[in-house]
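Going left to right, the sequence shown walks through residues 1 to 213 as this note's numbering numbers them.
A short worksheet on the structure shown next.
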Amino acid sequence: MDQYLQIFENNKAWVKSKLSADEHFFEKLASDQKPHFLYIGCSDSRVPANVIMGLDEGEVFVHRNIANLVVSTDNNINAVIQYAVEHLGIEHIIVCGHYGCGGIKAALHPTDMGQLNSWLQTLRDVYRIHQKELDEIIDPHKKFDRLVELNVIEQCVNIVKIDHVQRKWYKTGLPKIHAWVYDLHNGLLKELPVNLGEYFSSIRNIYDLKIED
Ligand code: CO
């Protein structure tokens, strides 16, 4: 069967299996959503959010773009984060990068990629911020992996730069922000050993908006 038409067959089979396990499955799911996590990940087809976390429908609010970026002028991600934090009351935001990310690779090897140039510029900025550390890494694979990790950390910091996140973060310590990397070669997730509070403190004089309630 045509790969496209097969999707509707898959969908019917999925509906059938859900209803056979719980005949009220869709009624319950349609009534509300109360996800505990916001996942910001790469659009890469090999890194499906719910699947790698073993979470069901309704359990994770998801935003994906090329190389899991949090760009301050991106209305899309700003709306997602604000809705997640202020309306859904989500207390855990996860930024998940992945080794072997094509976006990161492109940023390491500058070439003209048209519309992608401005998107990848954010990654080149991450490279510039951490250029000393990265240029000391001789092994190109290790350098590539490290830029994947540093990008996740910088995107976590970009979340703390957002005004409404700061308001809540300083008052309640929430949302908790987590830096993850997914390994395509073994399917494992890992949390990066980074103290975001400490990192943000070191740059707080630049980004703290001193928001008063
Ligand atoms: Co990617």
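For glycine and all other residues, C-beta sits at the position ideal for the given N, C-alpha and C.
- It is roughly 46 Å from the alpha-carbon of L19 to the alpha-carbon of G114.
- Inter-segment contact for the stretch 142-149 and the stretch 158-169 is absent: fewer than three beta-carbon pairs are separated by less than 8 Å.
- By the criterion of at least three beta-carbon pairs nearer than 8 Å, the stretch 127-141 is not in contact with the stretch 174-193.
- Counting along the chain, no alpha helix (DSSP H) covers G114, and no H or E run does either.
- Y207 sits away from K176, with the two beta carbons spaced by 9 Å or more.
- When DSSP states are grouped into helix, strand and coil, V62 belongs to the strand group.
- The three-state secondary structure of L19, taken from DSSP, is helix.
- When the five nearest sequence neighbours on each side are left out, the beta carbons in the same chain lying within less than 8 Å of the beta carbon of I104 are those of A67, G97, L123, F144, L147, V148, N151, in order along the chain.
- Measuring C-alpha to C-alpha distances from C156 to each of L55, R46, H92, L116 identifies H92 as the nearest.
- Using a Cβ-Cβ distance cut-off of 8 Å, the stretch 32-41 and the stretch 123-133 are not in contact, since fewer than three pairs of beta carbons, one from each stretch, lie closer than that value.
- Beta-bridge partners of L38 (DSSP): F61, I93.
- Where K190 is concerned, the enclosing beta strand (DSSP E) starts and stops at 189-191.
- When the Cα atoms are used, L29 and A21 turn out to be separated by approximately 14 Å.
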